[in-house]
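Position 186 of the sequence shown, counted from 1, bears residue number 186 in full-length UniProt numbering, the numbering being contiguous throughout.
Just so you know, even glycine gets a beta-carbon here, dropped at the ideal spot from N, CA and C.
A quick note: this is a predicted structure, and the numbers were derived from the prediction, not measured.
Read through the structure below, which is laid out as structure tokens, and then see the notes.
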Amino acid sequence: MITSIFTHILLFLVHLFSHEILFLQASQSDPYSTNFTTTCWEVERNALLKFKAGLKDPSGRLSSWVGNDCCAWQGVNCSKQTGHVTMLNLRNQPSGDLAPLQGKLDPSLLDLKYLNYLDLSLNNFEHTPIPNFIGSFTKLSYLILSNASFAGLIPPHLGNLSNLCYLDLSWNNFLWVSHLNWISGLSLLKNLFLIGANLNLAATNWLQAVNMLPLLVQLHIPYCNLNDLPPSLRVVNLSSIEVVNLQSNNFNSPLPSWLFNISTLVELDLSYSGIKDTLDNVDAWKNLCNLKFLALSGNDMSGEIVKLVEGLSKCSNNSLEVLDLSTNGFVGPIPPSLENLKNMRYYTFLPTNWEEQFLKLLDS
């Protein structure tokens, strides 16, 4: 239980600070974006002012939103060439020094027709639903609404965002889906974060929906109340995926065969997800030579640890750095083949006598 809580907190913190880097990358990737040299369009200025009027701003974070030049306002970036608003970043600071914005989203935002980046995370939208009109921002590439106290149905209208490459609706606690078929419309999506959203009603087809995203690099759907992990896929379209995080779901099934066909996989986290397996198939791991992070802790897994380590050691260019198999039922000594995992930085197997054996192995 302590390990599960620690993992939960760590995941939250890593996710929290990743958006700072994302915004810098998105800003630098647009050579025509600025926030101080171009006077904005009147219709877009009015749209922002109407949006502001519907918000409570206890800390005065929008105090710079005065005057005619909305391109100089805090959180607003414009195209240097056209003057159109391209980025709206109203993410609150993780430190909590400033109060979150409160209220609801106004459809006047639709007048920002060239909006490419929208981040409203770490605010308080008072358990209102994500509005359907968000699906009408046809040029949007980044949509970040995490930790923002949204609730209710995730609108299938988001499937209309055909240019979206980054979607994050995590940590809202009361979001749910009726299905995930709409995801197939996001053909350019590279990063999908739905941490903590209730996907139970999509449990039987979530994998088929995700498998329709050939450019997907990161999939984060832990704590999503999923209970179905299909054992196989006829065709695996996830040819670009590097990160799969399915921790803390309720699968109660063995590791699926399709996972072992994803040679691009770098991080795999299935901890505390009810995985029941013996890991006796040594050859199953030979395709995962790029794997750097493997977390299978807190499951109902058994068998000899030697077979898993031998499987992971089959790659001559093995990349594994982190291996967490704690709180399972593995037996047997630490195998000498662990020495073949040259990049290993952290491991935990449990019980503790394996720690002693590992130290002896290093000293030998």
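- Exposed is the label assigned to L153, since fewer than 16 other Cβ atoms lie within 10 Å of its Cβ.
- Looking only at H220, F150, L199 and N245, the smallest Cα-Cα distance to L167 is reached by H220.
- For N89, the enclosing beta strand (DSSP E) stretches over residues V85 to N89.
- Using a C-beta cut-off of 8 Å, the segment 72-82 makes no contact with the segment 94-107, since fewer than three inter-stretch Cβ pairs fall below that distance.
- Sequence-distant partners of E321 (beyond 5 residues in either direction) whose C-beta falls short of 8 Å from its own C-beta, in its chain, are K292, F293, N343, M344, R345 and Y346.
- DSSP places E42 outside any beta strand (DSSP E); the residue lies instead in the alpha helix (DSSP H), whose first and last residues are E42 to A53.
- Beyond the five residues adjoining it in sequence on each side, G159 comes within less than 6 Å, by CB distance, of W182 and G185 in the same chain, given in chain order.
- Minimum Cα-Cα distance from C40 among the listed residues N68, P94, K50 and R61 corresponds to N68.
- In chain order, W176, V177, L180, W206, I221, C224, N225 and L226 place their CB closer than 8 Å to the CB of L199, counting only its own chain and leaving out the 5 sequence neighbours on each side.
- According to DSSP, A295 shares a beta bridge with D269 and D324.
- Assignment of alpha helix (DSSP H) within the segment 177-264, counting only whole runs of 4 or more residues, yields 206-210 in chain order.
- Looking from the CA of L112, the closest CA among N211, A47 and N173 belongs to A47.
- Looking from the CA of W258, the closest CA among P230, E242 and Q247 belongs to P230.
- Going by C-alpha positions, S273 is about 6 Å away from F251.
- By the Cβ rule, the segment 85-96 does not count as touching the segment 126-135, because fewer than three pairs are nearer than 8 Å.
- In the displayed model, C78 falls within a strand according to three-state DSSP.
- Counted as a single uninterrupted DSSP element, the stretch harbouring L288 is not any alpha helix (DSSP H), since DSSP gives it neither H nor E.
- CA-CA distance, P94 to E304, rounds to 43 Å.
- Under the three-state reduction of DSSP output, A148 falls in the coil class, being neither helix nor strand.
- Residue environment for D324: buried (at least 16 other C-beta atoms within 10 angstroms of its C-beta).
- Within the same chain, and ignoring the five residues on either side of L110 in sequence, the residues whose Cβ sits closer than 8 Å to its Cβ are A47, F133, S136 and F137.
- In the three-state scheme derived from DSSP, where H, G and I count as helix and E and B as strand, N124 is classed as strand.
- Distance from the CA atom of L341 to the CA atom of A295, rounded to whole angstroms, is 16 Å.
- Judged by their CB atoms, D269 and N245 are nearer to each other than the 8 Å cut-off.
- With fewer than 16 other Cβ atoms inside 10 Å of its own Cβ, R234 counts as exposed.
- Going by C-alpha positions, A284 is about 12 Å away from T278.
- If the five residues before and after F150 are omitted, its C-beta is found closer than 8 Å to the C-beta atoms of F125, H127, T128, P129, I130, L169, N172, F174 and L175, all from its own chain and listed in chain order.
- A straight line joining the alpha-carbon of S337 with that of K80 spans about 58 Å.
- In this structure, the beta-carbon distance from L192 to Q218 falls below 8 Å.
- In the three-state reduction of the DSSP assignment, I275 falls in the strand class, which pools E and B.
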